[in-house]
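Enquirer: Mapping of the sequence shown onto the working numbering: position 28 corresponds to residue 28, and the numbering continues sequentially without gaps. Shown below is the structure under consideration.
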Amino acid sequence: MTHFLQRYMKHIIAILIAVMLAAQIPVVKELLARGVATLYVAAKYPGQTVTFEHFEYEPHFGDYIISFAAQKRDVLHLTLGPKILPIFVKYDPWNQPMSD
Numbered sequence: 001m002t003h004f005l006q007r008y009m010k011h012i013i014a015i016l017i018a019v020m021l022a023a024q025i026p027v028v029k030e031l032l033a034r035g036v037a038t039l040y041v042a043a044k045y046p047g048q049t050v051t052f053e054h055f056e057y058e059p060h061f062g063d064y065i066i067s068f069a070a071q072k073r074d075v076l077h078l079t080l081g082p083k084i085l086p087i088f089v090k091y092d093p094w095n096q097p098m099s100d
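Okay, here's the thing in structure tokens:
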């Protein structure tokens, strides 16, 4: 390991554990999921103007659903998971192949 990693490894691990624990608070979890979804939409669809509409946990699927309203397209409903730390976009309906 490099000297930098050896020196700061305990601090990095402590920070990661603190973030994981803080993400278990519902308000922090919602803010984290909204931030991830906003970054995803901004990176994936830079020409679209979207606004946040709704955030909810869907117990049937075990995922979070975040809805955005768009001007040029329909409403965008993203599915984020896992339940513990919702940082992965599992389903994006706008990112589907075109059908014949």
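The C-beta atom is built at its ideal place from N, Cα and C for all residues, glycine as well.
Between the alpha carbons of residue 67 and residue 75, how many angstroms are there, rounded?
Expert: Approximately 7 Å, taken between the alpha carbons.
Enquirer: In the DSSP assignment, find the unbroken beta strand (DSSP E) run with residue 90 in it and report its ends.
Expert: For residue 90, the enclosing beta strand (DSSP E) stretches over residues 88-91.
Enquirer: Identify the continuous beta strand (DSSP E) that holds residue 51 and give its terminal residues.
Expert: 50-58
Enquirer: Span of the alpha helix (DSSP H) holding residue 4?
Expert: 3-22
Enquirer: Does the stretch 46-54 come within contact of the stretch 15-25, defined as at least 3 CB pairs closer than 8 Å?
Expert: Contact annotation: the stretch 46-54 does not touch the stretch 15-25, with fewer than three C-beta pairs closer than 8 Å.
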